[in-house]
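Numbering (UniProt numbering), first residue to last: 1 to 953.
Glycine included, each C-beta is placed from N, C-alpha and C at the ideal position.
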């Protein structure tokens with residue numbers, strides 16, 4: 001029995017620390033391990049259990065008892081802990097903080113200084129520096145992990161680094177190479193991490209000591225090596241593109257854009273323009289066909305592997321890789337082959353061979369899809385997954401690229417996987433065969449209004465898991481939306497049913513958006529709502545309730561896919577969705593049209609008059625649903641005002657409000673809830689009636705889930721505001737109930753998304769929100785260094801800081817990273833950011849013109865004043881970014897003309913226009929750096945071929 005088994009068995013059986021220690025001593029007496037090996041094994045036997053039992057008090061008690069009974073020495077445990085902390089399995093904020101605190105507490109109890117308690121007396125400086133290096137890795141991890149209200153890991157990790165650095169003695173025995181490594185690490189942390197407190201000054205002093213140790217000769221050698229690395233990385237003197245086919249960064253960022261921005265014009269849902277993004281990446285970087293495909297597949301599988309713990313993300317990436325990417329590649333090959341024949345089959349098969357050599361990546365990509373986190377359906381879902389015979393993901397990949405897309409030859413596929421079955425049938429395919437239907441007809445039958453909501457939702461869960469059937473599923477959903485939107489108002493039930501199941505299972509509509517343009521679905525559905533007329537229906541109450549499902553689907557989809565500022569077209573019609581979104585405004589009667597005034601008074605009487613007989617069919621037939629949506633908030637506020645002034649009994653108010661909790665009117669509540677929250681905060685309303693109406697509407701069991709989802713962020717900001725805390729003090733109001741319902745709504749609709757934490761959506765999160773752009777840049781650089789797929793949400797960065805301020809920050813951070821050797825990573829990240837297709841609906845304007853004509857002129861004076869080595873490196877990086885960005889943009893314009901037939905400018909202006917203005921600005925500039933940039937650009941033959949205006953006149 002190993003020591004790990006002894007510790008694991010004791011922990012699993014609840015054995016106390018003292019009894020565990022006795023068993024460990026018995027084990028030690030029977031084995032002849034050295035003391036150092038024993039202490040390392042003992043430490044690891046406990047630390048490994050923290051992978052599954054985060055910050056468990058019993059495990060912490062084992063460590064404390066071992067240290068206090070001399071079964072384990074603190075220096076040995078510190079070394080083992082810092083080594084173990086490198087593992088992602090131990091990257092839990094609570095666990096790492098608890099272990100850091102434990103180490104510091106035990107050091108204090110020993111009564112010894114750090115040298116003697118954390119580090120043994122007489123330990124060599126090289127060994128101490130190795131431990132310091134591990135502690136710096138822990139500090140970097142602390143800043144990368146999510147912040148916790150209860151565990152300040154950055155503080156405890158910083159304190160441990162400070163203590164260990166105090167143990168570093170004479171560094172004369174440290175070699176120049178070792179000192180250079182430590183100096184680079186510390187300098188990079190000072191540049192990229194927002195270090196606070198004493199840790200920054202301590203690291204600065206440590207960096208200064210290392211700098212003195214290095215001396216001028218070593219630093220000059222390092223600078224020369226960095227310049228040599230720059231020239232080699234950027235193309236042997238012509239820095240317009242890389243000389244290597246290895247580029248995980250560009251391909252990862254491109255693929256993440258296609259998937260993450262799938263609803264945008266250049267996203268995955270729009271096949272022709274999505275292909276232009278791939279074409280520009282291929283042609284703009286001068287890759288070989290096999291090299292491009294290899295990097296593309298490695299990037300796609302890396303993205304999948306990195307999201308393997310998140311259910312929805314895993315499903316989305318698997319769906320993209322198997323169902324969407326091959327269709328894009330088919331059209332990509334057609335476009336690129338316009339200028340000459342290329343053996344794409346051989347190139348793709350070589351790329352798949354490269355992919356299959358990465359067994360670690362394939363293994364992580366093939367992990368089982370995480371199960372749903374919804375407790376209410378856990379048992380049912382577990383039983384369904386257990387019964388499902390889902391084909392193996394990698395075999396599914398090979399099968400569909402061979403049979404469906406015809407991109408791989410059978411002989412090649414069988415050489416990679418001889419065990420591949422002749423035919424793989426997905427779950428839905430099996431069900432359709434059993435039903436005697438083709439797959440598309442089977443899916444359509446399950447989405448029809450003939451099936452009840454529960455049956456349809458169960459089908460959607462199966463469909464979402466069946467990524468091999470997603471292409472057919474998406475096409476059927478789009479077809480049904482378009483067909484259902486062209487029926488008469490009286491036949492609304494089919495469209496209502498489809499909208500309801502889609503807004504109840506948002507992952508389904510996310511998957512649909514990978515394959516088709518979600519704007520097309522929205523446009524046709526929006527046209528139906530705009531034309532809806534209750535006079536044409538037999539049962540207006542049922543029809544209006546059905547219409548509510550359509551409206552809530554549209555409201556949620558418009559916001560979810562950033563389409564709120566989009567104008568839609570159906571044939572010759574132009575449709576504006578603002579009537580669905582601007583529903584929180586309170587109108588004065590004088591601001592309303594005559595028909596709206598009549599409707600307002602009629603509905604006020606029907607809802608809040610003691611002589612009213614309720615909502616009759618006549619009033620529904622006489623009111624356009626758009627008018628009802630517009631007036632709902634005004635009706636509620638008018639009634640609350642009357643009741644507050646004693647002009648209406650409170651029972652009448654409650655009775656009228658109750659209509660808004662039923663299916664006839666609850667679809668109008670987004671504007672009502674937002675208006676109540678806004679006025680309570682801005683006007684500091686303390687009247688209990690406003691608060692009671694808000695409570696009634698939000699906490700009603702029949703309040704639709706989409707309504708809660710669309711208002712949850714506002715509710716969380718509302719309940720967290722300091723004004724509200726004071727206002728509610730004198731009112732009997734359960735503010736925590738609102739917080740619970742909002743958090744629950746967000747958890748339901750964000751599922752297990754790694755990008756959404758309901759607890760962070762409060763006013764207290766503002767500092768973290770403002771720092772998100774810097775975190776994205778640092779995260780992308782860290783991923784690039786680790787060989788992982790970086791992620792970069794440019795739209796969010798520009799929304800937070802504004803484009804100009806963001807671009808200045810981007811240059812500052814990438815310039816700093818380049819100084820530390822990350823030249824090529826900086827170039828690739830900057831090139832992607834500047835050439836990412838613009839879309840104003842996602843807060844992403846054309847960034848390249850802003851950088852060239854607004855940001856660059858402000859950088860030139862600062863570059864003029866830099867010392868030569870730093871200035872040279874920054875100029876080379878700047879030239880590389882400019883040349884790469886303009887080249888990629890030119891290739892995208894070419895691809896757009898090839899697939900679309902019409903000129904379209906993703907950067908707002910043609911690349912030639914941007915290059916011409918840049919050349920003119922540089923020649924007019926009085927900056928010496930501007931002249932060097934012009935000279936470097938004009939000396940690049942491949943760049944000048946495309947942009948002859950850059951040649952000095």
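- Item | Touch test, the segment 563-580 against the segment 688-699, Cβ-Cβ under 8 Å, three pairs minimum | no
- Pick from 860, 778 and 185 that is closest to residue 143, judged by C-alpha positions: 778
- So the beta strand (DSSP E) residue 956 belongs to, where does it begin and stop? This structure cannot settle anything about residue 956, because the visible part of the chain is limited to 1 through 953.
- Counting pairs of beta carbons, one from the segment 627-641 and one from the segment 664-677, are three or more of them closer than 8 Å? yes
- Message: The beta strand (DSSP E) that contains residue 118, what's its start and end?
- Response: Note, residue 118: premise wrong, no beta strand (DSSP E); not H, not E.
- Please go through the same chain and pick out, in chain order, the residues whose beta-carbon is closer than 7 Å to the beta-carbon of residue 16, but skip the five residues on each side of it. none
- Alpha carbon to alpha carbon, how far is residue 355 from residue 946? Give it in angstroms, no decimals. 34 Å
- Task: State the DSSP-derived secondary structure class of residue 419, mapped to helix, strand or coil.
- Result: coil
- Nearest-angstrom Cα distance between residue 107 and residue 67? 10 Å
- Message: Determine whether the beta carbon atoms of residue 323 and residue 471 lie at a separation below 8 Å.
- Response: yes
- Minimum C-alpha distance to residue 408 - residue among 482, 863 and 351: 351
- Cross-strand partners of residue 574 (DSSP beta bridge): 569
- Message: With three or more C-beta pairs closer than 8 Å as the rule, is the segment 393-404 touching the segment 333-347?
- Response: no
- Task: Whole angstroms is fine: what's the gap from residue 836's alpha carbon to residue 933's?
- Result: 23 Å
- Item | Cβ-based neighbour list, residue 295, same chain, cut-off 6 Å, excluding 5 preceding and 5 following | 247 and 251
- Query: Does the distance from the C-beta atom of residue 357 to that of residue 301 stay below 8 Å?
  - Reply: no
- Query: Going along the chain, which unbroken runs of the alpha helix (DSSP H) with 4 or more residues stay wholly within the segment 69-153?
  - Reply: 74-84, 93-110, 114-117 and 125-144
- Check whether the Cβ atoms of residue 914 and residue 517 sit closer than 8 Å, and answer yes or no. no
- Query: Name the DSSP beta bridge partners of residue 198, please?
  - Reply: According to DSSP, which records beta bridges pairwise, residue 198 is partnered with nothing at all.
- Message: Please list the terminal residues of the continuous alpha helix (DSSP H) segment that includes residue 549.
- Response: 540-560
- Query: What residue from 884, 931 and 936 has the CA that sits closest to residue 282's CA?
  - Reply: 884
- Message: Just checking residue 352 against the ligand NAP - is the residue's beta carbon closer than 7 Å to any of the ligand's heavy atoms?
- Response: Absence of the ligand NAP is noted for the structure shown, with no ligands found whatsoever.
- Would the beta-carbon of residue 659 fall within 8 Å of that of residue 665? yes
- Item | Minimum C-alpha distance to residue 171 - residue among 192, 146 and 123 | 123
- Task: Could you check what DSSP says for residue 793 in three-state terms: helix, strand or coil?
- Result: coil
- Message: Using a Cβ distance threshold of 8 Å, determine whether the segment 602-615 contacts the segment 546-554, with at least three qualifying pairs required.
- Response: no
- Task: Determine the burial state of residue 640: buried for a count of at least 16 other Cβ atoms within 10 Å of its Cβ, exposed for fewer.
- Result: buried
- Distance between residue 91 and residue 39 (C-alpha atoms, nearest Å): 22 Å
- Message: Between the segment 529-542 and the segment 494-503, can you find at least three pairs of beta-carbon atoms closer than 8 Å?
- Response: no
- Task: Count the C-beta pairs between the segment 306-318 and the segment 874-883 that are closer than 8 Å, then say yes if the count reaches three, no if not.
- Result: no
- Message: With distance defined between alpha-carbon atoms, name the residue in 922, 896 and 921 nearest to residue 956.
- Response: Since the first residue shown for the chain is 1 and the last is 953, residue 956 is missing from the structure and cannot be characterised.
- Query: When you compare each of 708, 636 and 704 to residue 691 by their alpha carbons, which one comes out closest?
  - Reply: 636
- Tell me which same chain residues have a C-beta within less than 6 Å of the C-beta of residue 505, skipping the five on either side of it? 460
- Item | Option nearest residue 891 by Cα separation, candidates 566, 907 and 151 | 907
- Sort 519, 809 and 580 by Cα distance to residue 547 and report the nearest one. 580
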